[in-house]
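Encoded as C-alpha coordinates, the structure appears first; notes follow it.
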Amino acid sequence: MYEGLTLDDLAIRGSSHTPFFGIYLASHAVRDAMCMCHASVGCKVKTQEHLVYHDGVQDAHNRRRYSQLIDEDLIQGSTAQLEEEIVAFAARLGSQVVVIDCSTPLSLQVQPLKGVVERCRQRTGVDVVAVSARNYDNDLWFGYAATAAALFRRQFEVAAQLDPPTVAADEVSLLGMPFDRYEGDSQGNVAEVRRLLWGLGLKAKAVFFAGEPYATLADAVRARTHLSLPWMAPALREVRQVAEVAALPVPMGFDGTRRFVLAAAQASGVSSQRAVSFCQAELAAAKPLAELARRALRGRHYVAFAEAPRLAGLIALCSELEMVPLALGVTHFRLGGRADVQAMLAREFDVCVADHVVWLEDPTPQAVAALGPAQGGAPALLDRADLVVGSSIERDQLAEYAGPFLEFGFPSEARHYLLPAPWLGFRGALRLAEQMMQAVVARGGR
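For reference, each letter of the sequence shown is one residue, going 1069 to 1514 in the numbering used here.
Listed below in C-alpha coordinates is the structure:
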(Lines of atoms letter the chains of each structure in order from A and count residues from 1; the text may use other names and numbers.)
(Lines give C-alpha, C1' and ligand atoms only; values in the text may rest on other atoms or scores of the structure.)
Protein backbone atom coordinates (compact mmCIF):
# COMPACT_ATOMS: atom_id res chain seq x y z
CA MET A 1 0.00 0.00 0.00
CA TYR A 2 2.80 2.43 0.87
CA GLU A 3 5.29 1.30 -1.76
CA GLY A 4 6.69 4.16 -3.79
CA LEU A 5 5.56 6.89 -1.39
CA THR A 6 7.90 9.86 -0.97
CA LEU A 7 7.92 12.99 1.15
CA ASP A 8 6.18 14.76 -1.74
CA ASP A 9 3.13 12.61 -1.07
CA LEU A 10 2.88 14.19 2.39
CA ALA A 11 3.37 17.78 1.21
CA ILE A 12 0.60 20.30 1.76
CA ARG A 13 -1.00 21.29 -1.52
CA GLY A 14 -4.20 22.83 -2.86
CA SER A 15 -6.15 19.65 -2.15
CA SER A 16 -5.27 20.02 1.52
CA HIS A 17 -8.41 22.15 1.65
CA THR A 18 -10.31 19.22 3.12
CA PRO A 19 -14.01 18.27 2.91
CA PHE A 20 -14.21 19.41 6.53
CA PHE A 21 -13.43 22.90 5.24
CA GLY A 22 -15.64 22.43 2.17
CA ILE A 23 -18.66 21.90 4.42
CA TYR A 24 -17.89 25.13 6.20
CA LEU A 25 -17.38 26.95 2.89
CA ALA A 26 -20.84 25.78 1.78
CA SER A 27 -22.31 26.91 5.11
CA HIS A 28 -20.62 30.28 4.62
CA ALA A 29 -22.47 30.53 1.29
CA VAL A 30 -25.84 30.43 3.12
CA ARG A 31 -26.25 33.84 4.67
CA ASP A 32 -27.96 32.75 7.90
CA ALA A 33 -26.38 29.32 8.43
CA MET A 34 -24.29 28.20 11.37
CA CYS A 35 -21.61 25.53 10.97
CA MET A 36 -21.08 23.33 14.02
CA CYS A 37 -17.64 21.81 13.51
CA HIS A 38 -17.90 18.57 15.46
CA ALA A 39 -14.40 17.20 15.78
CA SER A 40 -11.81 16.13 18.26
CA VAL A 41 -9.03 18.42 19.44
CA GLY A 42 -6.49 19.00 16.68
CA CYS A 43 -9.03 18.56 13.87
CA LYS A 44 -9.31 22.27 13.14
CA VAL A 45 -10.05 23.81 9.79
CA LYS A 46 -6.48 24.34 8.69
CA THR A 47 -7.50 26.63 5.85
CA GLN A 48 -9.90 28.92 7.70
CA GLU A 49 -7.48 31.84 7.49
CA HIS A 50 -7.63 31.65 3.69
CA LEU A 51 -11.37 32.37 3.82
CA VAL A 52 -10.94 35.22 6.28
CA TYR A 53 -8.64 37.01 3.82
CA HIS A 54 -10.45 35.78 0.70
CA ASP A 55 -13.84 37.25 1.63
CA GLY A 56 -13.40 40.94 2.31
CA VAL A 57 -17.11 41.57 2.89
CA GLN A 58 -18.77 38.85 4.96
CA ASP A 59 -17.65 37.67 8.39
CA ALA A 60 -15.97 34.34 7.73
CA HIS A 61 -15.50 32.93 11.21
CA ASN A 62 -18.17 33.95 13.75
CA ARG A 63 -20.79 31.62 12.22
CA ARG A 64 -18.53 28.65 12.89
CA ARG A 65 -18.35 26.86 16.23
CA TYR A 66 -16.15 23.99 17.42
CA SER A 67 -17.32 21.25 19.74
CA GLN A 68 -13.71 20.96 21.02
CA LEU A 69 -13.98 17.38 22.22
CA ILE A 70 -11.18 15.03 23.14
CA ASP A 71 -11.24 11.42 22.01
CA GLU A 72 -12.35 10.24 25.46
CA ASP A 73 -15.43 12.47 25.21
CA LEU A 74 -16.34 10.93 21.88
CA ILE A 75 -15.94 7.40 23.19
CA GLN A 76 -17.85 7.96 26.42
CA GLY A 77 -20.58 10.08 24.88
CA SER A 78 -20.60 13.68 23.74
CA THR A 79 -24.02 14.32 22.30
CA ALA A 80 -25.42 16.20 25.29
CA GLN A 81 -22.62 18.77 25.15
CA LEU A 82 -23.01 19.06 21.39
CA GLU A 83 -26.75 19.69 21.67
CA GLU A 84 -26.30 22.46 24.22
CA GLU A 85 -23.72 24.17 22.00
CA ILE A 86 -26.05 24.06 19.00
CA VAL A 87 -29.11 25.30 20.89
CA ALA A 88 -27.23 28.15 22.57
CA PHE A 89 -25.37 29.48 19.55
CA ALA A 90 -28.14 28.99 16.98
CA ALA A 91 -30.30 31.27 19.11
CA ARG A 92 -27.50 33.76 19.70
CA LEU A 93 -26.66 34.01 15.99
CA GLY A 94 -30.23 33.91 14.74
CA SER A 95 -29.36 30.94 12.52
CA GLN A 96 -32.04 29.46 10.28
CA VAL A 97 -30.10 26.28 9.58
CA VAL A 98 -27.33 24.44 11.42
CA VAL A 99 -24.89 22.25 9.51
CA ILE A 100 -23.01 19.80 11.72
CA ASP A 101 -19.61 19.36 10.10
CA CYS A 102 -18.51 15.87 11.16
CA SER A 103 -14.87 14.90 10.82
CA THR A 104 -13.17 11.52 10.56
CA PRO A 105 -12.62 10.97 14.32
CA LEU A 106 -16.38 10.55 14.73
CA SER A 107 -15.74 6.89 14.05
CA LEU A 108 -14.82 6.93 17.75
CA GLN A 109 -18.20 8.29 18.80
CA VAL A 110 -20.34 5.71 20.50
CA GLN A 111 -23.60 7.67 20.18
CA PRO A 112 -25.19 8.25 16.76
CA LEU A 113 -25.86 11.78 15.55
CA LYS A 114 -29.35 11.08 14.26
CA GLY A 115 -30.88 11.67 17.67
CA VAL A 116 -28.90 14.89 18.08
CA VAL A 117 -30.20 16.20 14.77
CA GLU A 118 -33.84 15.43 15.61
CA ARG A 119 -33.70 16.86 19.13
CA CYS A 120 -31.91 20.01 17.97
CA ARG A 121 -34.55 20.57 15.31
CA GLN A 122 -37.22 20.41 17.97
CA ARG A 123 -35.38 22.59 20.48
CA THR A 124 -34.23 25.28 18.05
CA GLY A 125 -37.15 25.32 15.64
CA VAL A 126 -34.74 25.47 12.68
CA ASP A 127 -33.38 22.92 10.27
CA VAL A 128 -30.36 20.89 11.37
CA VAL A 129 -28.39 18.53 9.12
CA ALA A 130 -25.22 16.50 9.66
CA VAL A 131 -22.67 16.10 6.86
CA SER A 132 -19.80 13.63 7.14
CA ALA A 133 -16.29 14.79 6.24
CA ARG A 134 -13.66 12.11 5.76
CA ASN A 135 -10.71 14.46 5.66
CA TYR A 136 -8.14 12.23 4.05
CA ASP A 137 -10.24 10.70 1.29
CA ASN A 138 -11.53 13.81 -0.46
CA ASP A 139 -11.12 17.57 -0.87
CA LEU A 140 -13.12 20.74 -0.29
CA TRP A 141 -15.33 20.30 -3.37
CA PHE A 142 -16.56 16.98 -2.02
CA GLY A 143 -17.59 18.67 1.23
CA TYR A 144 -19.16 21.57 -0.65
CA ALA A 145 -21.23 19.27 -2.88
CA ALA A 146 -22.16 16.98 0.02
CA THR A 147 -23.57 19.96 1.93
CA ALA A 148 -25.60 21.05 -1.09
CA ALA A 149 -26.96 17.51 -1.39
CA ALA A 150 -27.89 17.37 2.31
CA LEU A 151 -29.73 20.70 2.19
CA PHE A 152 -31.41 19.81 -1.12
CA ARG A 153 -32.68 16.57 0.39
CA ARG A 154 -33.87 18.42 3.48
CA GLN A 155 -36.14 20.68 1.41
CA PHE A 156 -38.00 17.65 0.12
CA GLU A 157 -38.17 16.00 3.56
CA VAL A 158 -39.83 19.11 4.98
CA ALA A 159 -42.16 19.45 1.98
CA ALA A 160 -43.29 15.83 2.38
CA GLN A 161 -44.76 16.73 5.78
CA LEU A 162 -46.89 19.53 4.27
CA ASP A 163 -49.47 19.84 1.53
CA PRO A 164 -48.04 18.97 -1.88
CA PRO A 165 -46.34 22.05 -3.35
CA THR A 166 -47.54 23.66 -6.55
CA VAL A 167 -44.89 23.07 -9.18
CA ALA A 168 -44.10 26.15 -11.26
CA ALA A 169 -43.46 25.39 -14.92
CA ASP A 170 -41.10 28.34 -15.30
CA GLU A 171 -38.96 27.65 -12.22
CA VAL A 172 -35.72 25.70 -11.97
CA SER A 173 -33.35 24.99 -9.11
CA LEU A 174 -29.61 25.11 -9.62
CA LEU A 175 -27.10 22.94 -7.75
CA GLY A 176 -23.32 23.26 -7.67
CA MET A 177 -22.92 27.03 -7.97
CA PRO A 178 -19.38 27.76 -6.68
CA PHE A 179 -19.95 30.60 -4.19
CA ASP A 180 -16.99 31.36 -1.94
CA ARG A 181 -17.35 35.02 -0.98
CA TYR A 182 -19.80 37.89 -0.85
CA GLU A 183 -17.97 39.94 -3.45
CA GLY A 184 -18.54 40.88 -7.07
CA ASP A 185 -17.13 37.69 -8.57
CA SER A 186 -19.30 35.14 -6.75
CA GLN A 187 -22.37 37.37 -6.65
CA GLY A 188 -21.79 38.33 -10.27
CA ASN A 189 -21.75 34.65 -11.26
CA VAL A 190 -25.10 34.04 -9.59
CA ALA A 191 -26.64 37.06 -11.31
CA GLU A 192 -25.21 36.10 -14.70
CA VAL A 193 -26.37 32.47 -14.61
CA ARG A 194 -29.82 33.61 -13.50
CA ARG A 195 -29.80 36.08 -16.40
CA LEU A 196 -28.95 33.31 -18.85
CA LEU A 197 -31.78 31.16 -17.55
CA TRP A 198 -34.16 34.11 -17.59
CA GLY A 199 -33.26 34.50 -21.27
CA LEU A 200 -35.02 31.15 -21.64
CA GLY A 201 -37.97 32.34 -19.55
CA LEU A 202 -36.78 30.38 -16.50
CA LYS A 203 -36.56 31.62 -12.92
CA ALA A 204 -33.78 30.16 -10.78
CA LYS A 205 -35.02 31.00 -7.29
CA ALA A 206 -33.28 28.21 -5.38
CA VAL A 207 -29.54 28.28 -6.04
CA PHE A 208 -27.23 26.00 -4.04
CA PHE A 209 -25.46 28.31 -3.17
CA ALA A 210 -25.88 32.04 -3.76
CA GLY A 211 -25.06 33.76 -0.47
CA GLU A 212 -28.77 34.18 0.19
CA PRO A 213 -30.97 33.32 3.21
CA TYR A 214 -31.73 29.66 3.83
CA ALA A 215 -35.44 30.21 3.17
CA THR A 216 -34.75 30.73 -0.54
CA LEU A 217 -33.66 27.09 -0.88
CA ALA A 218 -37.20 25.94 -0.08
CA ASP A 219 -38.21 27.04 -3.58
CA ALA A 220 -36.41 23.94 -4.89
CA VAL A 221 -39.47 21.79 -4.24
CA ARG A 222 -41.59 24.02 -6.51
CA ALA A 223 -39.14 23.90 -9.41
CA ARG A 224 -40.19 21.82 -12.38
CA THR A 225 -36.58 21.19 -13.41
CA HIS A 226 -33.43 20.72 -11.37
CA LEU A 227 -30.13 21.64 -13.00
CA SER A 228 -26.55 21.16 -11.83
CA LEU A 229 -23.14 22.59 -12.63
CA PRO A 230 -19.97 20.43 -12.64
CA TRP A 231 -19.05 21.45 -9.06
CA MET A 232 -21.98 19.27 -7.95
CA ALA A 233 -20.48 16.14 -9.53
CA PRO A 234 -19.18 14.55 -6.29
CA ALA A 235 -22.74 14.34 -4.91
CA LEU A 236 -24.78 14.07 -8.10
CA ARG A 237 -25.75 10.48 -7.35
CA GLU A 238 -27.12 11.52 -3.94
CA VAL A 239 -29.33 14.31 -5.26
CA ARG A 240 -30.63 12.09 -8.03
CA GLN A 241 -32.03 9.82 -5.33
CA VAL A 242 -34.23 12.77 -4.35
CA ALA A 243 -35.23 14.16 -7.75
CA GLU A 244 -34.27 14.04 -11.41
CA VAL A 245 -31.31 16.38 -11.93
CA ALA A 246 -29.84 17.37 -15.29
CA ALA A 247 -26.06 17.85 -15.37
CA LEU A 248 -25.09 20.82 -17.52
CA PRO A 249 -21.74 21.84 -19.03
CA VAL A 250 -19.72 24.58 -17.39
CA PRO A 251 -20.87 28.00 -18.69
CA MET A 252 -17.45 29.50 -19.40
CA GLY A 253 -16.13 31.13 -22.53
CA PHE A 254 -18.38 32.20 -25.38
CA ASP A 255 -19.06 28.87 -27.06
CA GLY A 256 -19.13 27.07 -23.71
CA THR A 257 -21.84 29.41 -22.47
CA ARG A 258 -23.79 28.91 -25.69
CA ARG A 259 -23.71 25.16 -25.13
CA PHE A 260 -24.80 25.64 -21.51
CA VAL A 261 -27.83 27.66 -22.61
CA LEU A 262 -28.82 25.08 -25.23
CA ALA A 263 -28.44 22.24 -22.70
CA ALA A 264 -30.49 24.13 -20.09
CA ALA A 265 -33.22 24.72 -22.66
CA GLN A 266 -33.32 21.05 -23.62
CA ALA A 267 -33.44 19.90 -19.99
CA SER A 268 -36.21 22.38 -19.15
CA GLY A 269 -38.41 21.82 -22.19
CA VAL A 270 -37.75 25.27 -23.65
CA SER A 271 -37.85 25.76 -27.41
CA SER A 272 -34.44 25.31 -28.99
CA GLN A 273 -35.21 28.23 -31.31
CA ARG A 274 -35.66 30.51 -28.32
CA ALA A 275 -32.29 29.38 -26.93
CA VAL A 276 -30.56 29.84 -30.29
CA SER A 277 -32.03 33.33 -30.76
CA PHE A 278 -30.98 34.37 -27.27
CA CYS A 279 -27.42 33.13 -27.82
CA GLN A 280 -27.14 34.78 -31.22
CA ALA A 281 -28.09 38.15 -29.75
CA GLU A 282 -25.64 37.73 -26.86
CA LEU A 283 -22.78 36.68 -29.11
CA ALA A 284 -23.43 39.51 -31.56
CA ALA A 285 -23.23 42.03 -28.72
CA ALA A 286 -20.06 40.44 -27.32
CA LYS A 287 -18.21 40.01 -30.63
CA PRO A 288 -16.56 43.45 -30.97
CA LEU A 289 -15.44 43.39 -27.33
CA ALA A 290 -14.12 39.84 -27.60
CA GLU A 291 -12.24 40.85 -30.74
CA LEU A 292 -10.57 43.68 -28.84
CA ALA A 293 -9.36 41.19 -26.22
CA ARG A 294 -8.27 38.70 -28.89
CA ARG A 295 -6.09 41.28 -30.62
CA ALA A 296 -4.39 42.11 -27.31
CA LEU A 297 -3.93 38.49 -26.19
CA ARG A 298 -3.37 36.56 -29.43
CA GLY A 299 -0.16 34.53 -29.24
CA ARG A 300 0.41 35.29 -25.56
CA HIS A 301 1.74 32.37 -23.51
CA TYR A 302 0.05 31.50 -20.24
CA VAL A 303 0.22 29.12 -17.30
CA ALA A 304 -2.98 28.31 -15.39
CA PHE A 305 -3.99 26.51 -12.19
CA ALA A 306 -7.55 25.64 -11.15
CA GLU A 307 -9.89 22.77 -10.28
CA ALA A 308 -11.03 20.72 -13.29
CA PRO A 309 -14.21 22.50 -14.48
CA ARG A 310 -12.82 25.99 -13.91
CA LEU A 311 -9.56 25.07 -15.63
CA ALA A 312 -11.36 23.57 -18.63
CA GLY A 313 -13.48 26.70 -19.00
CA LEU A 314 -10.44 28.94 -18.70
CA ILE A 315 -8.52 26.95 -21.32
CA ALA A 316 -11.52 27.15 -23.66
CA LEU A 317 -11.76 30.92 -23.26
CA CYS A 318 -8.02 31.33 -23.81
CA SER A 319 -8.32 29.19 -26.94
CA GLU A 320 -11.02 31.51 -28.27
CA LEU A 321 -8.67 34.43 -27.59
CA GLU A 322 -5.85 32.53 -29.39
CA MET A 323 -3.64 32.37 -26.31
CA VAL A 324 -1.06 29.58 -26.03
CA PRO A 325 -0.79 27.34 -22.93
CA LEU A 326 2.64 26.45 -21.55
CA ALA A 327 1.65 24.57 -18.39
CA LEU A 328 -1.70 23.60 -16.87
CA GLY A 329 -2.15 22.62 -13.23
CA VAL A 330 -5.25 20.72 -12.12
CA THR A 331 -5.68 21.54 -8.45
CA HIS A 332 -7.56 19.36 -5.98
CA PHE A 333 -8.65 15.99 -7.34
CA ARG A 334 -12.30 15.22 -6.55
CA LEU A 335 -13.59 17.11 -9.61
CA GLY A 336 -11.13 15.34 -11.88
CA GLY A 337 -7.56 15.33 -13.14
CA ARG A 338 -5.83 15.83 -16.47
CA ALA A 339 -7.83 13.16 -18.29
CA ASP A 340 -11.10 14.64 -17.05
CA VAL A 341 -10.11 18.16 -18.13
CA GLN A 342 -9.11 16.90 -21.57
CA ALA A 343 -12.37 14.95 -21.89
CA MET A 344 -14.37 18.01 -20.82
CA LEU A 345 -12.52 20.18 -23.34
CA ALA A 346 -13.26 17.75 -26.16
CA ARG A 347 -16.88 17.10 -25.17
CA GLU A 348 -18.05 20.56 -24.16
CA PHE A 349 -15.74 22.97 -26.00
CA ASP A 350 -14.24 21.15 -29.02
CA VAL A 351 -10.80 22.16 -27.76
CA CYS A 352 -7.64 20.03 -27.80
CA VAL A 353 -4.47 20.85 -25.84
CA ALA A 354 -1.17 20.35 -27.67
CA ASP A 355 0.99 17.42 -26.60
CA HIS A 356 3.95 19.60 -25.61
CA VAL A 357 2.01 21.41 -22.87
CA VAL A 358 3.20 20.53 -19.35
CA TRP A 359 0.49 19.13 -17.06
CA LEU A 360 0.57 19.10 -13.25
CA GLU A 361 -2.02 17.12 -11.29
CA ASP A 362 -2.73 18.04 -7.66
CA PRO A 363 0.77 19.56 -7.64
CA THR A 364 3.01 19.92 -4.62
CA PRO A 365 4.58 23.32 -3.85
CA GLN A 366 7.88 21.93 -5.13
CA ALA A 367 6.32 20.94 -8.45
CA VAL A 368 4.81 24.39 -8.91
CA ALA A 369 8.02 26.18 -7.93
CA ALA A 370 10.00 24.02 -10.36
CA LEU A 371 8.31 25.83 -13.26
CA GLY A 372 10.69 28.73 -12.67
CA PRO A 373 11.91 31.34 -13.02
CA ALA A 374 15.42 30.19 -13.82
CA GLN A 375 18.21 30.83 -11.36
CA GLY A 376 20.87 30.57 -14.05
CA GLY A 377 21.55 28.14 -16.85
CA ALA A 378 18.76 27.12 -19.24
CA PRO A 379 15.59 29.29 -19.24
CA ALA A 380 12.72 27.98 -17.12
CA LEU A 381 9.23 27.52 -18.48
CA LEU A 382 7.91 30.57 -16.63
CA ASP A 383 10.50 32.76 -18.32
CA ARG A 384 8.39 32.37 -21.47
CA ALA A 385 5.05 33.13 -19.80
CA ASP A 386 3.19 36.38 -20.44
CA LEU A 387 0.62 35.58 -17.74
CA VAL A 388 0.07 33.17 -14.86
CA VAL A 389 -3.47 32.53 -13.62
CA GLY A 390 -4.06 30.82 -10.29
CA SER A 391 -5.01 31.21 -6.66
CA SER A 392 -3.08 32.85 -3.84
CA ILE A 393 -1.55 29.45 -3.14
CA GLU A 394 0.21 29.28 -6.51
CA ARG A 395 1.08 32.98 -6.26
CA ASP A 396 2.94 32.36 -3.02
CA GLN A 397 4.63 29.24 -4.40
CA LEU A 398 5.90 31.29 -7.34
CA ALA A 399 7.21 34.12 -5.19
CA GLU A 400 10.24 34.61 -7.46
CA TYR A 401 8.08 35.10 -10.54
CA ALA A 402 7.91 38.82 -11.38
CA GLY A 403 5.52 38.75 -14.35
CA PRO A 404 1.76 39.35 -14.46
CA PHE A 405 -0.21 37.11 -12.11
CA LEU A 406 -4.02 37.08 -12.14
CA GLU A 407 -5.50 35.70 -8.93
CA PHE A 408 -8.40 33.46 -9.89
CA GLY A 409 -10.05 30.80 -7.76
CA PHE A 410 -10.03 30.03 -4.07
CA PRO A 411 -8.37 31.67 -2.32
CA SER A 412 -7.77 35.05 -3.93
CA GLU A 413 -6.47 37.01 -1.00
CA ALA A 414 -5.06 40.05 -2.83
CA ARG A 415 -7.70 40.49 -5.56
CA HIS A 416 -11.13 41.73 -4.49
CA TYR A 417 -14.16 43.12 -6.31
CA LEU A 418 -16.44 46.01 -5.41
CA LEU A 419 -18.64 45.69 -8.50
CA PRO A 420 -19.97 42.67 -10.45
CA ALA A 421 -17.09 40.66 -11.91
CA PRO A 422 -18.48 37.28 -13.01
CA TRP A 423 -16.41 34.65 -14.75
CA LEU A 424 -19.37 32.48 -15.74
CA GLY A 425 -21.60 33.21 -18.72
CA PHE A 426 -21.23 35.60 -21.63
CA ARG A 427 -20.57 38.56 -19.39
CA GLY A 428 -18.16 36.47 -17.35
CA ALA A 429 -16.18 35.61 -20.49
CA LEU A 430 -15.82 39.31 -21.30
CA ARG A 431 -14.93 40.22 -17.72
CA LEU A 432 -12.28 37.50 -17.45
CA ALA A 433 -10.86 38.39 -20.86
CA GLU A 434 -10.67 42.01 -19.73
CA GLN A 435 -8.77 41.06 -16.59
CA MET A 436 -6.26 38.98 -18.53
CA MET A 437 -5.86 41.71 -21.13
CA GLN A 438 -5.22 44.37 -18.51
CA ALA A 439 -2.77 42.15 -16.62
CA VAL A 440 -0.74 41.38 -19.74
CA VAL A 441 -0.75 44.92 -21.10
CA ALA A 442 0.15 46.48 -17.76
CA ARG A 443 2.93 43.96 -17.02
CA GLY A 444 3.23 45.70 -13.69
CA GLY A 445 3.87 42.60 -11.61
CA ARG A 446 1.31 41.24 -9.16
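Positions of the beta carbon are idealized from the N, C-alpha and C atoms, including for glycine.
Annotation: residue 1381 to residue 1340 spans about 23 Å, alpha carbon to alpha carbon. According to the DSSP secondary-structure assignment, residue 1199 is paired through a beta bridge with 1169. The beta carbon of residue 1436 sits closer than 8 Å to the beta carbons of 1373, 1397, 1428, 1462, 1465, 1466 from its chain, once the five residues preceding and following it are set aside; these are given in chain order. Residue pairing by DSSP puts residue 1426 in a beta bridge opposite 1395.
Rounded to whole angstroms, residue 1419 and residue 1151 show a C-alpha spacing of 52 Å. Judged by DSSP in its simplified three-state form, residue 1238 adopts strand. Positions of the beta strand (DSSP E) runs, each at least 3 residues long and wholly inside the segment 1297-1350, are given as 1313-1315 in order along the chain. By the Cβ-count criterion, residue 1497 is buried, with 16 or more other Cβ atoms from all chains shown falling within 10 Å of its own Cβ. Residue 1242 and residue 1081 have their alpha carbons spaced roughly 30 Å apart.
Rounded to the nearest angstrom, the Cβ distance from residue 1244 to residue 1320 is 14 Å, too far for a contact under 8 Å. Within the DSSP secondary-structure output, residue 1212 pairs in no beta bridge. 1293 is the residue among 1268, 1501, 1293, 1412 whose C-alpha sits nearest the C-alpha of residue 1237.
When C-beta atoms of the segment 1092-1106 are compared with those of the segment 1123-1135, three or more pairs fall below 8 Å, so the two segments count as touching. Counting C-beta pairs closer than 8 Å gives three or more between the segment 1265-1273 and the segment 1224-1239, which meets the contact rule.
Taking a cut-off of 8 Å on C-beta distances, the segment 1374-1394 touches the segment 1307-1320, as three or more cross pairs fall below it. CA-to-CA, the gap between residue 1507 and residue 1377 works out to about 23 Å. Nearest neighbour of residue 1358 by Cα position, chosen from 1302, 1169, 1502, turns out to be 1502. The continuous alpha helix (DSSP H) containing residue 1494 extends over residues 1493-1510. Closest option to residue 1401, judged by alpha-carbon separation, among 1261, 1169, 1208: 1208. The DSSP-derived three-state label of residue 1483 is coil. In this structure, residue 1121 lies away from residue 1490, with their beta-carbon atoms at least 8 Å apart. Counting every other CB atom within 10 Å of its CB across the protein chains shown gives residue 1352 a total below 16, marking it as exposed. Excluding five sequence positions before and after residue 1306, the CB atoms of its chain that fall closer than 6 Å to its own CB belong to 1217, given in chain order. The beta carbon of residue 1135 lies closer than 8 Å to those of 1104, 1105, 1106, 1107, 1146, 1149, 1150, 1153 in the same chain, with the five residues before and after it left out. Exposed is the label assigned to residue 1186, since fewer than 16 other Cβ atoms lie within 10 Å of its Cβ. A direct Cα-Cα distance of roughly 44 Å separates residue 1499 from residue 1188. Closest in alpha carbon position to residue 1484, among 1492, 1221, 1474, is 1474.
The three-state secondary structure of residue 1413, taken from DSSP, is helix. Taking 8 Å as the cut-off, the beta carbon of residue 1213 is found closer than this to the beta carbon of residue 1303. With respect to residue 1298, residue 1201 sits apart: the two C-beta atoms are not nearer than 8 Å. Your pair residue 1285 and residue 1274 checks out as a contact, with CB atoms roughly 5 Å apart and the cut at 8 Å. Between the alpha carbons of residue 1336 and residue 1343 lies a distance of about 11 Å.
For residue 1278, the closest of 1291, 1256, 1423, 1290 by C-alpha to C-alpha distance is 1256. Annotated as distal: residue 1091 and residue 1192, with beta-carbon spacing of 8 Å or more. In the three-state reduction of the DSSP assignment, residue 1358 falls in the helix class.
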